[in-house]
Amino acid sequence: MKIGIVGWGYVGATTGLGLKKFHKILVYDPFKNVEEFSIDYIGEIPSKKLIENVEHVNEMEKLAEANMIFICLPTPTIDDKIDLTYIENFFKKVSKVLKNAMFVIRSTVPPGTTKKLQNKYPQFKFAHNPEFLRERTPLHDFLYPSRIVIGTDHDDLASMLLDVFEPFECQKIVTNSDTSEMVKYAANCFLATKISYFNEIHNICEKFGI
4 MKIGIVGWGY VGATTGLGLK KFHKILVYDP FKNVEEFSID YIGEIPSKKL
54 IENVEHVNEM EKLAEANMIF ICLPTPTIDD KIDLTYIENF FKKVSKVLKN
104 AMFVIRSTVP PGTTKKLQNK YPQFKFAHNP EFLRERTPLH DFLYPSRIVI
154 GTDHDDLASM LLDVFEPFEC QKIVTNSDTS EMVKYAANCF LATKISYFNE
204 IHNICEKFGI
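Residue numbering for the sequence shown follows the working numbering, beginning at 4 and increasing consecutively.
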């Protein structure tokens with residue numbers, strides 16, 4: 004299968020490198036030209052490995068060659084709100100050059116985002132597939148996941164994603180996109196809660212000289 008990756012940053016590069024053993028990878032990054040694909044490190048991944056056996060293209064039209072396209076664009080938090088500008092701008096442009104395609108949102112987005120995209124661009128099929136990667140070991144976490152969550156209302160897209168992730172031995176959960184998006188936020192909040200909890204325990208221990 005040929006997998007398209009939009010965005011070659013932390014999430015996109017990890018996704019592409021994790022899948023390239025099993026599938027052909029086609030990368031398009033709206034922020035980089037082909038000659039600019041040189042990232043020093045992403046977690047434990049050296050820069051040389053970021054470009055081996057991966058096809059990088061400058062033309063958005065080339066994405067038509069992919070069986071499905073993973074969207075790995077930034078969604079920064081600005082003024083306590085998730086900024087979806089990069090994703091929105093991409094779909095405004097790609098809707099003018101592709102007639103139909105299957106898109107898988109890997110970016111962290113608020114619940115309801117994938118459904119809104121589906122309603123706005125009915126010519127495409129959408130799914131949400133959250134990442135659960137640690138910054139220091141993203142490739143290891145991708146290759147050895149504890150679970151894979153697929154959120155979509157399209158049975159054929161869900162089936163294709165299950166085929167994509169067939170080599171990975173873990174629990175695979177198929178649900179709707181709203182639930183998938185919420186699962187990602189719940190996981191992030193749980194991790195933040197654990198960090199805050201142990202920071203408080205550390206402060207208490209210091210106070211008592213433990």
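Glycine included, each C-beta is placed from N, C-alpha and C at the ideal position.
Exercise for the section: Please determine, among H131, P113, V14, E91, the residue with the shortest C-alpha to C-alpha distance to M71. Expected result: One-based indexing of the sequence shown puts residue 71 at position 68. Distances from the CA of M71 to each of H131, P113, V14, E91 were compared; the closest alpha carbon is that of H131.
Exercise for the section: Measure the alpha-carbon distance for S180 versus E91 and round it to whole angstroms. Expected result: The residue you call residue 180 lines up with position 177 of the sequence shown. The residue you call residue 91 lines up with position 88 of the sequence shown. Here the alpha carbons of E91 and S180 stand approximately 17 Å from one another.
Exercise for the section: Kindly list the residues whose CB is nearer than 7 Å to the CB of Q246, restricted to its own chain and excluding five residues on each side of it in sequence; keep chain order. Expected result: Outside the modelled stretch of the chain, which goes from 4 to 213, sits residue 246, for which no answer is possible.
Exercise for the section: Could you have a look at K5 and say whether DSSP puts it in helix, strand or coil? Expected result: Numbered from 1 along the sequence shown, position 2 holds the residue referred to as residue 5. Here K5 carries a strand assignment [DSSP, helix/strand/coil].
Exercise for the section: Assign F145 to buried or exposed, taking buried as 16 or more other Cβ atoms, counted over all protein chains shown, within 10 Å of its Cβ. Expected result: Locating residue 145 in the sequence shown gives position 142, where the first residue counts as 1. By the 10 Å Cβ count, F145 comes out buried.
Handout entry: Proximity below 8 Å, CB of P170 to CB of F25
Key = Position 167 of the sequence shown, counting from 1, holds the residue named residue 170. Position 22 of the sequence shown, counting from 1, holds the residue named residue 25. In this structure, the beta-carbon distance from P170 to F25 falls below 8 Å.
Practice task
Could you tell me the distance, in whole angstroms, from the CA atom of I198 to the CA atom of E68?
Solution key: As a working note, residue 198 is residue 195 in the sequence shown. As a working note, residue 68 is residue 65 in the sequence shown. Their Cα atoms are separated by approximately 43 Å.
Handout entry: Rounded C-alpha distance that separates E134 from V57
Key = Numbered from 1 along the sequence shown, position 131 holds the residue referred to as residue 134. Numbered from 1 along the sequence shown, position 54 holds the residue referred to as residue 57. Their backbone Cα atoms lie some 20 Å apart in a straight line.
Handout entry: Where L164 falls: helix, strand or coil (DSSP)
Key = Within the sequence shown, the letter at position 161 stands for residue 164. In the structure shown, L164 sits in a helix (DSSP, three-state: H, G or I).
Practice task
Note down the Cα distance separating Y89 from G212, rounded to an integer number of angstroms.
Solution key: Sequence index remark: in the sequence shown, residue 89 carries index 86 (1-based). Sequence index remark: in the sequence shown, residue 212 carries index 209 (1-based). Answer to the nearest angstrom: the Cα atoms are 49 Å apart.
Exercise for the section: Name the one or two DSSP bridge partners that R3 has. Expected result: Beyond the ends of the chain as shown, which are 4 and 213, falls residue 3; an answer cannot be given.
Problem - With 16 other Cβ atoms within 10 Å as the buried cut-off, status of G7 - result: Numbered from its first residue, the sequence shown carries residue 7 at position 4. It is buried - the Cβ of G7 has at least 16 other Cβ atoms within 10 Å.
Problem - DSSP three-state assignment for V97, whether helix, strand or coil - result: The residue given as residue 97 occupies position 94 in the sequence shown. If DSSP states are grouped into helix, strand and coil, V97 belongs with the helices.
Practice task
Output the residue ranges of the alpha helix (DSSP H) runs that lie fully inside the region 69 to 113 and measure 4 residues or longer, sorted by chain position.
Solution key: Segments of the alpha helix (DSSP H) lying fully in the region 69 to 113: 88 to 97.
Problem - Neighbourhood of I108 by C-beta distance below 6 Å, restricted to the same chain and skipping five residues each side - result: For this step, residue 108 is matched to residue 105 along the sequence shown. The beta carbon of I108 sits closer than 6 Å to the beta carbons of I74, T117, H131 from its chain, once the five residues preceding and following it are set aside; these are given in chain order.
Problem - Closest by C-alpha distance to H157, when choosing among M185, F106, N202 - result: For the purposes of this step, residue 157 is taken as residue 154 along the sequence shown, with counting starting at 1. Closest option to H157, Cα to Cα, is F106.
Practice task
With DSSP as the reference, please indicate the residues paired to Y31 in a beta bridge.
Solution key: For the purposes of this step, residue 31 is taken as residue 28 along the sequence shown, with counting starting at 1. According to DSSP, Y31 bridges with V9, V60.
Practice task
Just grab the DSSP bridge partners of F129 for me.
Solution key: If you number the sequence shown from 1, residue 129 lands on position 126. Answer is F106.
Handout entry: Contacting residues, own chain, Cβ-Cβ under 6 Å from T178 (five flanking each side not counted)
Key = Counting from one through the sequence shown, the residue named residue 178 turns up at place 175. G154.
Practice task
Please report the Cβ distance between L66 and A104, rounded to the nearest whole angstrom; I am assuming they are in contact, meaning their Cβ atoms lie under 8 Å.
Solution key: On the sequence shown, position 63 is the one that residue 66 refers to. On the sequence shown, position 101 is the one that residue 104 refers to. Yes, they are in contact, since the Cβ atoms of L66 and A104 sit about 7 Å apart, within 8 Å.
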